[in-house]
Amino acid sequence: MFAAYPGDLVFSKIDARNGAVGLIPGTIAKAVVTSEYPVFTINADKLRPEYLNYLLRAEHFNAELQHKASGTSGRKRVTPDGFLSLEVPVPTLDEQDILIDSYVAALNRAVRIEQEADAIERACWQAFEQTLGVAPPQPLPDRPVFVARFKDVERWSHEGILRSSIGNPDQQHSWTFARLGDLVADLQNGWSPKCHSHPAHEGKWGVLKLGAVSFGTFNPAENKELPASLKPRPEYEVKAEDVLISRANVARYVGACAYVESTPPHLMLCDKIFRVRFQPDSQLLPRFLAEVMKLRSVREHIESRLTGTSPTMKNISKPALLDIRFPLPDVNTQQRLVNEISASRASACDKRTEAATLRQSAWNAFETALFEEPRLGTPPHRPLNKHE
Numbered sequence: 001m002f003a004a005y006p007g008d009l010v011f012s013k014i015d016a017r018n019g020a021v022g023l024i025p026g027t028i029a030k031a032v033v034t035s036e037y038p039v040f041t042i043n044a045d046k047l048r049p050e051y052l053n054y055l056l057r058a059e060h061f062n063a064e065l066q067h068k069a070s071g072t073s074g075r076k077r078v079t080p081d082g083f084l085s086l087e088v089p090v091p092t093l094d095e096q097d098i099l100i101d102s103y104v105a106a107l108n109r110a111v112r113i114e115q116e117a118d119a120i121e122r123a124c125w126q127a128f129e130q131t132l133g134v135a136p137p138q139p140l141p142d143r144p145v146f147v148a149r150f151k152d153v154e155r156w157s158h159e160g161i162l163r164s165s166i167g168n169p170d171q172q173h174s175w176t177f178a179r180l181g182d183l184v185a186d187l188q189n190g191w192s193p194k195c196h197s198h199p200a201h202e203g204k205w206g207v208l209k210l211g212a213v214s215f216g217t218f219n220p221a222e223n224k225e226l227p228a229s230l231k232p233r234p235e236y237e238v239k240a241e242d243v244l245i246s247r248a249n250v251a252r253y254v255g256a257c258a259y260v261e262s263t264p265p266h267l268m269l270c271d272k273i274f275r276v277r278f279q280p281d282s283q284l285l286p287r288f289l290a291e292v293m294k295l296r297s298v299r300e301h302i303e304s305r306l307t308g309t310s311p312t313m314k315n316i317s318k319p320a321l322l323d324i325r326f327p328l329p330d331v332n333t334q335q336r337l338v339n340e341i342s343a344s345r346a347s348a349c350d351k352r353t354e355a356a357t358l359r360q361s362a363w364n365a366f367e368t369a370l371f372e373e374p375r376l377g378t379p380p381h382r383p384l385n386k387h388e
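The opening residue of the sequence shown carries number 1 in the UniProt record's numbering; numbering runs sequentially from there.
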């Protein structure tokens with residue numbers, strides 16, 4: 001066994017060609033490795049650890065590393081001498097600092113943009129809760145000063161008086177709480193035959209997996225192809241505008257609900273996913289139902305009704321789901337709320353795309369500066385020695 005310390009370079013002889021190369025982070029005071037993980041100390045007079053850390057992830061570097069692997073198929077290794085023979089660009093320390101600062105600045109900008117996206121979604125959801133009158137209560141001040149008359153409070157206690165005096169002006173509406181079972185015709189679950197392990201090929205029938213709804217958005221790629229020996233059941237085929245609810249999974253995903261914007265043909269429900277059957281002229285919009293299923297009170301109801309002894313597979317019954325209660329505004333208000341949520345999510349998605357593009361552009365600029373553009377005053381590429 002060998003010791004490695006923060007800033008040391010370590011790689012796996014077997015998996016280095018797959019990218020298993022990196023620096024020991026400062027959060028690990030001392031690591032212990034076997035002889036399968038060669039350890040090198042960086043010469044701080046020639047290389048910045050941050051520069052080397054990014055360099056190791058460059059496509060050009062990984063391609064060269066692939067060529068250094070030798071041995072039988074499946075057990076190819078990169079030797080320490082082979083690793084040290086790699087030719088890499090070694091700019092001056094000042095040039096390394098410029099490259100690092102530019103790249104890190106772009107990463108920080110991307111993080112700020114993603115934080116803006118999170119804030120947009122968080123604010124929209126808070127507005128949704130407040131409109132429905134189910135927003136969490138405001139936190140109480142640390143040292144409240146108040147005066148109250150005994151006849152003006154319902155409960156004579158410190159918290160009761162303070163809640164009464166603060167109130168919640170944002171929660172102006174008091175909608176009727178409705179029971180899901182009174183608003184829908186039925187919950188239909190599907191069929192789970194033994195299927196192939198791969199997703200359905202084009203033109204083939206498939207059966208949805210739980211992952212198709214687990215994260216609150218419909219993912220049609222989460223399916224398994226139906227064997228040719230089994231006849232499909234078209235009555236279970238998923239359609240656009242369906243609302244799907246998971247009835248089994250690990251606890252936090254039971255009751256996960258997704259609205260189907262669009263879907264490829266020939267995908268069927270499995271028996272662990274319910275499809276909501278709406279009543280004619282229903283006063284409950286499908287998109288609105290998909291959102292209220294995420295409310296804290298609804299999640300508490302679901303998690304209090306779970307059954308099953310396995311921690312990795314909990315269940316909720318149809319009667320328990322139909323007994324869910326939630327605020328039900330008029331149809332126009334429901335439509336306005338879901339439109340606002342959709343617009344906010346689209347805006348947040350645009351920002352996350354912007355952040356991802358910024359990261360990729362910064363990385364492309366980093367690699368281009370190292371491997372494609374000649375730089376005056378920079379030594380040619382050369383092998384690292386054992387002190388670099």
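Glycine included, every Cβ here is placed at the ideal spot set by N, Cα and C.
Taking the C-beta atoms as reference points, ALA3 is found no nearer than 7 Å to LYS46.
Listed in chain order, the alpha helix (DSSP H) runs fully inside the region 293-318 are 296-304, counting runs of at least 4 residues. PHE274 and LEU187 do touch by the CB rule: their CB atoms are close to 4 Å apart, below 8 Å.
Short of 7 Å from the beta carbon of GLN334, and not among the five residues preceding or following it, lie these beta carbons of its own chain, in chain order: LEU285 and PHE288. Going by DSSP, CYS270 is part of no alpha helix (DSSP H) at all; its letter is neither H nor E. Its chain contains no residue whose beta carbon lies nearer than 8 Å to that of ASN339 once the 5 sequence neighbours on both sides are disregarded.
Taking the C-beta atoms as reference points, GLY190 is found no nearer than 7 Å to CYS124.
Counting C-beta pairs closer than 8 Å gives fewer than three between the region 301-308 and the region 349-363, which falls short of the contact rule.
In chain order, ALA135 place their CB closer than 8 Å to the CB of GLN126, counting only its own chain and leaving out the 5 sequence neighbours on each side.
Apart from sequence neighbours up to five positions away, the residues of its chain that approach VAL32 with a beta-carbon distance below 8 Å are MET1, PHE2, ALA3 and ALA4, ordered along the chain. DSSP links PHE2 through a beta bridge to VAL33. The C-beta separation of LEU107 from ARG359 comes to about 6 Å, placing the pair in contact by the 8 Å criterion.
Rounded to the nearest whole angstrom, the CA to CA distance from GLY19 to GLU291 is 41 Å. When C-alpha distances from HIS196 are compared across PRO227, GLU95 and ALA256, the shortest belongs to PRO227.
Closest in alpha carbon position to LYS272, among THR263, LYS314 and LYS76, is LYS314.
Just so you know, the alpha carbons of LEU244 and PHE218 end up roughly 8 Å apart.
Boundaries of the alpha helix (DSSP H) around GLY181: 180-183. Taking the C-beta atoms as reference points, MET293 is found no nearer than 7 Å to CYS349.
The secondary-structure analysis by DSSP pairs LEU47 with nothing; it has no beta-bridge partner. Its Cα nearest to that of LEU295, the residue GLY255 stands out among ILE14, GLY255 and ALA105. Inclusion of PRO264 and PRO232 in the CB contact set at 7 Å is not warranted, their separation being larger than that value.
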